[in-house]
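Presented below is the structure to which this report refers.
Numbering (our numbering), first residue to last: 105 to 243.
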């Protein structure tokens, strides 16, 4: 008989989540695709010089947090692709939390109150649904 998620302790599931984050179910990949698409779209409208400067600023925090530095603003695109983790962005952090709950059944908030946890997860789901509805392609 194989072990189910219910047979694995919350602590073990949390550890598995943290060890496997970024391997398959990384919401940051979708966020990166959206940010890259937005940057490419804006480049067509506004031009590379202005967009590269803005996109470099947007990507800088995530890239540097992942150990990727870049000096030329036009390198924002490859820096973002290499960066990997996207929990440096507010939505990325919330999608990270939602993935932990949806796939591993663990909550990453510090609340001990089950009702607070339910409200927190409901808020995460609501935000993810609103984001997906607004995205121009399925996420």
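Virtual Cβ for every residue (Gly too), placed ideally from N, Cα, C.
Asked	Found
Roughly how many whole angstroms lie between the Cα atoms of residue 112 and residue 211?	15 Å
Throw me the rounded Cβ distance for the residue 139 and residue 202 pair, which I believe falls under 8 Å.	Their Cβ separation, rounded to whole angstroms, is 19 Å, which puts residue 139 and residue 202 out of contact at 8 Å.
Please state whether DSSP places residue 174 in a helix, a strand or coil.	coil
Looking at C-alpha atoms only, which residue of 166, 209 and 196 is the closest neighbour of residue 119?	209
Just verifying my parser: in three-state terms, what is the DSSP assignment at residue 158?	helix
Between 116, 114, 143 and 134, which lies nearest to residue 239 when the distance is taken from Cα to Cα?	134
Of the choices 215, 169, 144 and 230, whose alpha-carbon is the least far from that of residue 186?	169
Express the C-alpha separation of residue 143 and residue 218 in angstroms, rounding to a whole number.	41 Å
Expressed to the nearest angstrom, what Euclidean distance is found between the alpha-carbon atoms of residue 213 and residue 152?	40 Å
Can you grab the Cα-Cα spacing for the pair residue 160 / residue 180, in whole Å?	5 Å
Comparing alpha-carbon positions, which option in 207, 230 and 193 lies nearest residue 136?	193
Compare the Cα-Cα distances from residue 236 to each of 215, 199 and 220 and report the closest residue.	199
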